[in-house]
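Trainee: I'd like to ask some things about the structure below.
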């Protein structure tokens, strides 16, 4: 009769490690041939879209941002190094940067000269001094 001690231990690889190893292999293939990027796109397009949608709140903007993420990822794929962060972390970093760029582009920018003419309810220091001087001469 065989007991638990007699059974050789099995080496189980955590699913996240399997995905990371699989991603690394897919990235190496995609670096050699851009057509091999399709499985990575298939794996990450939906999670990246959901992330973009959660941050932008608009399905059309999220779809545009997702497309931009994958365009940038494909363009930069040769610079990706698997010994650094995982591909998942890398693609979500690109997604974060695309979203930040979106909000930066929408931020209103006023010329510095416009800041000099901001109306306020309080009197200017000059007006305060003139009132003080007018009150002390009476």
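In the numbering used here, the protein residues as written are 648 to 785.
Heads up, the beta-carbon is just placed ideally off N, CA and C, and yes, glycines get one too.
Mind checking whether residue 710 and residue 696 have CB atoms under 8 Å apart?
Mentor: One-based indexing of the chain shown puts residue 710 at position 63. One-based indexing of the chain shown puts residue 696 at position 49. Yes.
Trainee: Rounding to the nearest angstrom, what Cα-Cα distance links residue 783 and residue 702 in this structure?
Mentor: In the chain shown, the residue the question calls residue 783 occupies position 136. In the chain shown, the residue the question calls residue 702 occupies position 55. Each residue's alpha carbon lies about 59 Å from the other.
Trainee: Is it buried or exposed for residue 720, if we count other Cβ within 10 angstroms and need 16 for buried?
Mentor: Position 73 of the chain shown, counting from 1, holds the residue named residue 720. Result: buried.
Trainee: Which same chain residues, not among the five before or five after residue 677, have their C-beta less than 7 Å away from its C-beta?
Mentor: Here residue 677 refers to the residue found at position 30 of the chain shown. Same-chain partners within the cutoff: 683, 684, 687, 724.
Trainee: With a Cβ-Cβ cutoff of 8 Å, do residue 739 and residue 698 count as a contact?
Mentor: Working through the chain shown from its first residue, we reach residue 739 at position 92. Working through the chain shown from its first residue, we reach residue 698 at position 51. It is a contact, given that the beta carbons lie within the stated cut-off.
Trainee: Output the distance between the C-alpha atoms of residue 675 and residue 729, rounded to the nearest integer angstrom.
Mentor: As a first step, residue 675 is located in the chain shown; it is residue number 28 there, counting from the start. As a first step, residue 729 is located in the chain shown; it is residue number 82 there, counting from the start. Using only the alpha carbons, I get a separation of about 9 Å.
Trainee: For residue 712 versus residue 749, is the C-beta spacing smaller than 8 Å?
Mentor: Numbered from its first residue, the chain shown carries residue 712 at position 65. Numbered from its first residue, the chain shown carries residue 749 at position 102. It is a contact, given that the beta carbons lie within the stated cut-off.
Trainee: Can you tell me whether residue 746 is buried or exposed? The criterion is at least 16 other CB atoms within 10 Å of its CB, across all chains shown.
Mentor: Position 99 of the chain shown holds residue 746. Per the 10 Å Cβ criterion, buried.
Trainee: Assign residue 770 to one of three DSSP states: helix, strand, or coil.
Mentor: For the purposes of this step, residue 770 is taken as the residue at position 123 of the chain shown. In this structure, residue 770 counts as coil in the three-state DSSP scheme.
Trainee: Give the list of continuous alpha helix (DSSP H) stretches no shorter than 4 residues that lie fully inside the stretch 670-704.
Mentor: Counting whole runs of 4 or more residues, the stretch 670-704 contains the alpha helix (DSSP H) stretches 685-703.
Trainee: Do residue 693 and residue 734 have their C-beta atoms within less than 8 Å of each other?
Mentor: To locate residue 693, count along the chain shown from 1; it is residue 46. To locate residue 734, count along the chain shown from 1; it is residue 87. For residue 693 and residue 734, no; Cβs fall outside 8 Å.
Trainee: Can you list, in chain order, the residues of its chain with a C-beta nearer than 6 Å to that of residue 752? Leave out the 5 residues immediately preceding and following it.
Mentor: The residue given as residue 752 occupies position 105 in the chain shown. So no residue of the chain qualifies.
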